[in-house]
Structures are given as structure tokens and as C-alpha cells.
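Remarks on the structure that follows.
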Amino acid sequence: MSTVGIDQIGVYTPAQYIETTELAKRRQVDPNKYTIGIGQNQMAVPNPTTDIVSMGANAARTFLSKVDVSQIGLLVVGTESGIDQSKASALFIKSILNLPNQLRAFEVKEACFGATAGVMMAQDYVKTHPGKTALVIASDISRYGLNTGGEVTQGAGAVAMLISEKPRIVEFLPESASYSDDVNDFWRPNYSETAFVDGKYSTEKYLEFFTHTFDDYLKQTQLKVTDFAALTYHLPFTKMGIKAQRLALENQDEATKTRLTAQFEASSKYCRQIGNLYTGSLYLSLVSLLHQGNLNSGDLIGFYSYGSGSVAEFFAGRLVAGYQNEIATNHMQDFLASRQKLSIDEYEAIYTECGKVKTDDYELTPEAVISDGEVYFAGVKDHLRQYKVKG
Ligand code: HMG
1 MSTVGIDQIG VYTPAQYIET TELAKRRQVD PNKYTIGIGQ NQMAVPNPTT DIVSMGANAA
61 RTFLSKVDVS QIGLLVVGTE SGIDQSKASA LFIKSILNLP NQLRAFEVKE ACFGATAGVM
121 MAQDYVKTHP GKTALVIASD ISRYGLNTGG EVTQGAGAVA MLISEKPRIV EFLPESASYS
181 DDVNDFWRPN YSETAFVDGK YSTEKYLEFF THTFDDYLKQ TQLKVTDFAA LTYHLPFTKM
241 GIKAQRLALE NQDEATKTRL TAQFEASSKY CRQIGNLYTG SLYLSLVSLL HQGNLNSGDL
301 IGFYSYGSGS VAEFFAGRLV AGYQNEIATN HMQDFLASRQ KLSIDEYEAI YTECGKVKTD
361 DYELTPEAVI SDGEVYFAGV KDHLRQYKVK G
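In this text, residue positions in the sequence shown follow UniProt numbering: the first is 1, and each later residue adds one.
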């Protein structure tokens, strides 16, 4: 049977951030609640030239020169920060990236699960279209509002993945375990710029769905917890993954607990520095693990995807020999260290500006761009969003 999996993976996240200890001070909260209780140290802040299209295109551009673009036959964008009720963000991205017209391009929504839905479709597509590849992009801006319970669990960014036969990074195992139910833990009505959330309930559901899918997966595959080199999770904030991992490690011996806990810390490092990417969050955990973890080719990695509303899926993959050559380990760490720190006043001003609903034409010039990506949102003309590439 042919192997299918992640051939390339790239991340984009904004070049500005805040320290959560400073946010805690302003909100009159003990900083330990944010850094230890919730487990977030920094939070990425997008500016008005950043949206899901620019972030998604920038994430894909990190590896596009290494792949045969003419073979990409499917482009799926998973997002819950849509920029249009009708036209898919995938079409704007197709145009920016100069992808072929012989392409099936669309957008998928189911909260944070959207990109995993794309990854699953991409695997089926690649298996039934020999020689073709699929580009899956997860791109989101997480907004709960200033001075809300969810504020410290915001973030922004995109992860792009090329799914192919004979992948160079991760080969997926064929099995997976899904679980869905109609749950009101998190949603965003059309008239609202920010999400409505019942935080404690969403946590309960995330954990309940983890147990359903993980147990089902182990039953289906006959695998044991000890077979995994690492477990990765959708990480809205790092404490959430710690809670899921606690469930996975119940009744395991000390050596397994120590080993998987160390890998969890590696996989959650970027989340601590960036925040919740919504659809991209699970895949950011994978990138963090690949960059920071202690792994070998052949190692088995578990993936837990959760999207409020709610849909969850557990699946797994093995690291391919030579995967280290495909990931730019140092670039991400250097970039995170070089981001511009914002004061809480600056963050609040940018946040408010980004949340304004504008119905008239306007233009954003390259001087407004603060990003290490070259694609930016340049404003609106005749009700159409404009994107440009910095020269
Ligand atoms: P909260 O009410 O601000 O915090 O809500 P809390 O009182 O529950 O405290 C949080 C933790 O900090 C607790 O630890 C406290 O004990 C601890 P826990 O019991 O959880 O282990 N704590 C302290 N620790 C050290 N020193 C201190 C201190 N004080 C308290 N001084 C909440 C927190 C995360 C619920 C809120 O931020 C929120 O609503 N966030 C958004 C919802 C969310 O992210 N839910 C996650 C599951 S749902 C999901 O993943 C889907 C999602 O990504 C959306 C999608 O699918 O699209 C959200």
C-alpha cells in the first residue's frame, strides 16, 4: 500500500507579541495564573496588514520552492476567521502563490478541526490521484476580546502542509478515530468579531472527546501508549495539553511518563510563545516537537485534533528517515527571539484597530507591514480585498 503523509510543513506567525506577565499586571491577575495555571508566556499580536490569507500564503511560501507546484491538485484552507461569507480564502491564496488552474480549491470550517478535515481529505485525494499532491493550510486569528477570560489564550498564525505520496517528514498510519457531537462550548455568530465561549465546559468536552478518540484508536490499532515516541495535541493553551496527557499517562510506568512528558514540553514550546492558532494549533505542536524534541526516524507520533462544536479525531504517523533535512529548525527559534515586544497599551490599540468593521475602500501601504513574510493585506477596493507582495 502506498504511503501518504506530510512532505513539507511551514509556519507563519506575526512579528509582534506581548508578555503575558505584563498582561496579568494590567488585568490585576497573579502572573503565575497565566504562566503556570494556564501555561502561556507570550502571545502573538497580528496587525491590520495581517489576515488569514496573508498568513496562509506566507506559511506556504516557506517551502514552495522545494516542491513541484504543477502537481498540486487540491488546496484546502481550514479556518474559523473567514474573510468572506462566499468566496473561499483558498482562491486568494491560489492567486498569490501562482498555483495551477487545474486545482480544486476551497475553505473548510469546523472550529479548530477545519485543518484536520483538510488533512483527511488530502490523504484521500492523494491516494486516488497518483502523482498529485495537496496543499492544506490552517490559518486563524484567535480573538476573545480585551479583558475577557479567554484573552490570555488568544494568538495568531498559519501552518501550511504539503500532503503527498512518499512524504519526506511524516507517514500517516491508515487508521483514525473520530468523535462528533452537537456541543455549545464555543461559537462565533456572524455579527460578532469575537468568539463566545464557555471555557470550563469547553475544557471538559476537549478532555471527554480525547478519551473517546484515544481509547478507540488504541483498540482499533492494538497499539499501546508505550509504542508512541510523542503525543501531540490541539493546544489552545499549554495547560490544556497537560490535562489530556495526564489522561493518556494514567497507569503508565515512570519511565514512559518521564519520556512522554519531556516530548510534550518540546511540542508545547511554540504554543507558550505564540498562543492559540485555532486550526493550526495541533500542527504548530508538531513543528515545535520536530524542532525541539528528541526523536528518531521511525518514531510514532500521535495527533489529537479537537474543534469546538464539537469534532475530534486521533490519528498517528511515523517520522521518515532524513526528516531533519526538511525542517528549518533554527529559523523559527531565531524569528521568535527577534519579534518586537509591544506594551499592553500598544497591543490594545492594535487589537481595537483590527476589530473595526470597515465598509468603505481603504489602502494599507508597505510601511504599515510589520512581518517577516512578504505577502500582506493591502486594504479594500470596490469591496474586494487586496493582497500585495513586498518588493
Ligand atoms: P479562568 O476562569 O480565567 O481560569 O479560565 P481558572 O480559574 O480556571 O484558572 C486556570 C488555571 O490556573 C487553574 O488550573 C487554576 O488553578 C490556575 P487548573 O485547575 O485548570 O489546573 N491558577 C493558578 N495557578 C498558579 N498560580 C495562580 C493561579 N491562579 C489560578 N496564582 C480558561 C481559563 C482557559 C477557561 C479561559 O482562558 C478560556 O475560556 N479560554 C478559552 C477557551 C479554551 O481555550 N478552551 C479550551 C478547550 S476548547 C478548544 O480547545 C477549542 C478552541 O481552541 C476553539 C475552537 O475549536 O475553535 C478554544
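We treat Cβ as the ideally placed atom computed from N, Cα and C, and that holds for glycine.
DSSP-derived helix/strand/coil call for E193: coil
Start and end of the beta strand (DSSP E) containing F377? V375 to K381
Thinking C-beta only, is V108 closer than 8 Å to residue 453? Examination of residue 453 is not possible in this model, given that the chain is present from 1 through 391 alone.
Rounding to the nearest angstrom, what Cα-Cα distance links S267 and A316 in this structure? 15 Å
Of all the options D382, S139, V287 and A138, which has the alpha carbon lying nearest to the alpha carbon of M332? V287
Specify, as a first and last residue, the run of the alpha helix (DSSP H) that E254 falls within. E254 to I274
Do A177 and A158 come within 8 Å of each other at the CB atom, strictly closer than that value? no
Just the C-alpha distance for T352 and T279, rounded to the nearest angstrom, thanks. 23 Å
Quickly, what does DSSP pair A312 with across the bridge? List them, please. Y179 and Y306
Using the rule of at least 16 other Cβ atoms within 10 Å of the residue's Cβ for burial, across every protein chain shown, is L247 buried or exposed? exposed
Just checking, does the stretch 86-96 make contact with the stretch 118-132 on the three C-beta pairs under 8 Å criterion? no
Is P189 a contact residue of ligand 1, with contact defined as CB to any heavy atom under 7 Å? no
Which listed residue (S70, N325 and G82) has its alpha carbon closest to that of E193: G82
Q8, enclosing alpha helix (DSSP H) - first and last residue: Where Q8 is concerned, there is no enclosing alpha helix (DSSP H), although the beta strand (DSSP E) it sits in stretches over V4 to Y12.
Report yes if the C-beta distance between E367 and K390 is below 8 Å; otherwise report no. no
CB-CB under 7 Å to K166, same chain, minus the five flanking residues each way: which ones, in chain order? T3
Nearest candidate by alpha-carbon position, reference C112, set K66, P174, R188 and G145: R188
Excluding the five sequence neighbours on either side, which residues of its own chain have a C-beta within less than 8 Å of the C-beta of F196, listed in chain order? F186, W187, R188 and P189
Coarse secondary structure for E171, derived from DSSP in three states: strand
Based on the DSSP secondary-structure assignment, which residues constitute the bridge partners of I141? A156
Cα separation between Y323 and D140? 27 Å
Taking the DSSP output, what are the residues bridged to M240? None; M240 has no bridge partner.
Pick helix, strand or coil for G317, following the three-state DSSP scheme. strand
Look up Q245 in the DSSP assignment and say whether it is helix, strand or coil. helix
Using the Cα positions of N184 and H234, report the straight-line distance between them to the nearest angstrom. 18 Å
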